[in-house]
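These notes concern the structure reproduced below.
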Amino acid sequence: MKKFVLTLLSLVFSLLVFLVVNGNTANISPRLLKLDLEDLLNIEVTSVSKYKQKVEDIPAAIYVITAEDIKHSYANLLPELFRDVPGVYVARITSSDWAISIRGFNDRFANKLLILMDGRTLYTPIFSGVFWERQDTVLDDIERIEVIRGPGGSIWGANAVNGVINIVTKSAWDTQGLLLKTSIGSDATIITARYGAHTQNLAYRIYTKAKEVSSLLNNKGEKVGDDWRTIQGGFRIDYKISDTKSLRISSDISSGIYSALHTLYIPEPPYEIFLTEDLYGFQGNIFLKLENRKKETDEGWYLQSYYDASSLWHSFLLDWNTDIFDIEFRHHFHRRNSHWTWGIGYRKYIVSTEGSEAYYFRPDKIEQDIVNLFVQNELHLKDHWNLITGSKYETYGNGADAIQPSIKLLYKISHNQSCWISISHAVRTPSMAEKYMIGNIFERQESGIPFYIELRGNDNLKPEKLTAFELGYRGIIKKNLFVDLATYYYIYDDLITIPTPKDFPEYQKDPWPHFIAKTFAQNIMNGKSYGFEISIQKNLTNNLNLKANYSYNHLSLSAPQDTIFMGEYLEKAWPRHMLNIISNWKINDKLTIGTRLRYISDIPIYKINDYIAIDTRLTWKPSPRISISIVGTNINDPRHPEYRQNVAIRTPPREIGRSIFLSIKFLGL
Amino acid sequence: MKKRIILILLTFLMWTNIAMGVKNINELKAAFVYNFIKYTYWNEGKKKITLCIVGNSEEKNYLIDLDNKYIGKNNSIKIAIKIINYSEEDINGCDVLYICKKQNAKEILQKTKGKRILTISAIDNFVKNGGIIQLIKEENRLKFIINYTEARKSKINLSSKLLRLAKEVK
């Protein structure tokens, strides 16, 4: 480890020196100076990346997926949009289940990432993660997606431990007219319709989207029956009260039939059988935001409130209902050299569950009240330095609370390059499952008698802690090359895991003779993680753009006992290397082609081999209103698995095969 | 096998970076400035043209590279770069002045009035405000406008080649 850190530090140092030196002086090619004035007038120029302006001066590892990127993407479904982001691993486990995380700790129930859509949290307090199959929106109406790798605790609060993904949709003013889109392919059939209109001070849009997603394959290439379908609709109103004041009201409702693999325990061999079951889900939300903002200085305040209800039923395992009520106020102002931001918020969770014998919560109805307060100061020192200090304070009811401070420093090396350093502390509060669940899993059999393990939650769990040290560089060097480098060293403490049972298994007669050993969740694991991500973008010509992102991560975990669930094995549940290379070529006004290559290294704990996936896309615009695309994904590989459910849930892994889809989009006014 | 494919692709990427590359606009601006200096009639016997740069921008990084470049018959005249602030004393030593940013541009132009200094910039409304040559970007190409009245007032003698190739001569 020491050797790695030393080599990394010297590499980073020499790279920084190279970049700074090359960024500050630029050579005019001698050929250019020999050209005649007439020839100079004929040379075509390309302008510097606008992308850089979006992430300029932010002392954090941030990656922005723009609306333009989404237009050229290979994604059919929302989670697939994140495949291009460095440091993020997007794994499709079953047709509807995804494991997405940043910089380590991935799992179907990955809990260290905060996801927001237009200010509304998408995560569920049940396991502090996201049911990705239930989140969707009109992809063409997304303005941008900001992905911040690294703790966002001081602003975003608890559970933003490994990062924050913020999906921002376009304002109703920017989604006017009719949008009709159908996408038909081997993986999914999707129909989207959106209509927007406006009066002098008010703009609105309404939309509906229906999709049916096919099932994945088993290792023989046969379909496994985990297909699913959803239908969703909603509206958004943006009302301009004055030059600075605006009101936004939005609402979405969706319902779907999902499919899940369920393990049924039986008293004779093979003791566990896997069944696919249909689950019914529903969710709805209503959101209000009143904002006052001065465009020139960006000062102002907002008051927002939302109510979100979601439920799942018809499940063999656990039916649930979650209600979230949230209200938040935030104020941003300037005073001499400082930019101040502060905010106060309140959130209430009400979760009620109905479990099965294999899995249930005790108590089965839980309420939680969270109050938070945060302050941030951004100090502009001289011309080149920005110092940002901030902290968030949260209370979770029953006396528990947490403080999450951070300090960041940005230095502008030149007007085109900057580097930054950040130290922060963040926490992840235990989820409801970790506190209240009782689950049984089948372990083994001996002489015809099954052995089970009872995994219990623990009401006395403390929050997990992260202390993060990060360092980064961002700049435009050597003509049009945009480089973004971020490195990190994380120290995790009090990680929650379930150790293997210490006590001897008990013999029980009901419902059939078996042995059961008990264990429960504890904060006994700690870990260290380090790595870096590098992102490069270049416009080779005005119409040909190339992007490459590489991530490296090394995670080591240790606990004083052997762990059975969310344990040390997670070290090997993350790919050490991830690389993607994306090219986009606008051949002419009507035709664009793109290709993407992705490489993900092994995931040893699930015995998943490294793979290369090649995707390709052709877009034809016969007229300015109509756009037709053909996209092929995984074209080089008949199929490969990306992840497994979880070490404790032993369902066989699904595989993702080649897929192709045709999408036709019509824009009318 | 997979690792080999990655290696090949990465080397291909590096190669394309070196082989291709449309001109960076700021590099092209510097080449234009070189030509403006080349096609201006300076005094006989002048051995050194001082190109002053005021302000911070990417153009500056490229203009600095013009230091110690030669123009004129037999490459006898040397270009010397000088980075200056806004003070009057500094401006007196300049033959050519390139203004990078629009802040304080008007004040700087006031200071150059009556002095024999060729003022060049790419900022908006430069010739309108009294600058001599303005670079503008039009449809991915660089063009230039000349304020001939101002040039004559400052006793800057521009070659007919420049006047002919300019997009506009005011």
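Here the protein sequences line up with chains A and B, keeping their order.
If you count by the numbering used here, then the first sequence holds residues -17 to 651, one letter each, in order.
If you count by the numbering used here, then the second sequence holds residues 64 to 233, one letter each, in order.
For each residue, glycine too, the CB sits at the ideal point set by N, CA and C.
A residue is called buried when at least 16 other Cβ atoms come within 10 angstroms of its Cβ; A:H366 does not meet this threshold and is exposed.
Per DSSP, A:M548 lies in no alpha helix (DSSP H) segment and is marked neither H nor E.
Counting only Cβ-Cβ distances below 8 Å, A:L14 has contacts in chain B at K86, E90, L91, A94, in chain order. The distance from the Cβ of A:E115 to that of A:Y240 is about 6 Å, consistent with a contact at the 8 Å cut-off. Against chain B, the beta carbon of A:E20 has neighbours under 8 Å at L228, listed in chain order. Note that the stretch 488 to 508 of chain A does not touch the stretch 458 to 470 of chain A; fewer than 3 beta-carbon pairs, one per stretch, sit closer than 8 Å. For A:Y247, same chain residues with a beta-carbon under 7 Å away, outside a window of 5 residues either side, are Y253, E254, A340, F424 in chain order. Assignment of B:Y97 by DSSP, reduced to helix, strand and coil, places it in the helix class.
Contact between the stretch 633 to 643 of chain A and the stretch 153 to 170 of chain A is present, with at least three C-beta pairs closer than 8 Å. For A:N303, the nearest beta carbon of chain B is not closer than 7 Å to its own beta carbon. In summary, the residues of the stretch 117 to 131 of chain B whose CB is separated from some CB of chain A by less than 8 Å are N119, S120, E121, N124, Y125, I127, D128, L129, in the order they occur in the chain.
Using a C-beta cut-off of 8 Å, the stretch 493 to 505 of chain A makes contact with the stretch 438 to 457 of chain A, since at least three inter-stretch Cβ pairs fall below that distance.
Assignment of beta-bridge partners to A:D383 by DSSP yields A:T377.
In the DSSP assignment, B:S223 falls within the alpha helix (DSSP H) that extends over 223 to 228. Inter-residue distance for A:D118 and B:I146 is about 55 Å (C-alpha atoms, whole angstroms).
DSSP places B:T175 in the helix class (H, G or I) of the three-state scheme.
Between A:L261 and A:A242, the beta carbon gap of about 5 Å places them in contact (Cβ cut-off 8 Å).
C-alpha of A:E550 to C-alpha of A:W556: approximately 12 Å in a straight line. Close partners of A:L23 in chain B (Cβ separation under 8 Å): R204, L205, K206, L228. Neighbourhood of B:Y97 in chain A, by CB distance below 7 Å: L15, in chain order.
Put simply, the CB of A:I10 is near chain B, with a gap under 7 Å to one of its CB atoms. For A:S583 against A:R558, the beta-carbon gap comes to about 5 Å, under 8 Å, which counts as contact. When A:Y470, A:E62, A:T245, A:A43 are compared, the shortest CA-CA separation from A:T615 is found for A:E62. With respect to the 7 Å criterion, B:L228 and A:L60 are not classified as neighbours on the basis of their beta carbons.
Under a criterion of Cβ atoms nearer than 7 Å, the residues of chain A adjacent to B:K224 are, in order, L19. Segment contact: the stretch 131 to 141 of chain B against the stretch 156 to 163 of chain B, fewer than three CB-CB distances shorter than 8 Å; contact not assigned.
At a cut-off of 7 Å between beta-carbon atoms, A:N398 makes contact with chain B. Annotation for A:I52: the continuous alpha helix (DSSP H) segment containing it runs 49 to 53. Collapsing the DSSP output to three states places A:Y588 in a helix. Each residue's CA atom was taken as its position, placing A:V129 and A:E452 some 16 Å apart. Taking a 10 Å sphere around the C-beta of B:E122, we find 16 or more other C-beta atoms and assign the residue as buried. If you check the CB distance, A:L355 and A:L369 do not come in under 7 Å. Secondary structure note for A:E62: it is in no beta strand (DSSP E), with a DSSP letter that is neither H nor E.
Comparing alpha-carbon positions, the option among B:N188, B:R215, B:L181 lying closest to B:T113 turns out to be B:L181.
Listed in chain order, the non-local C-beta contacts of B:I127 below 7 Å within the same chain comprise I144, local neighbours out to five positions each way being set aside.
With a cutoff of 7 Å on beta-carbon distance, A:S293 and A:I309 are scored as not near each other.
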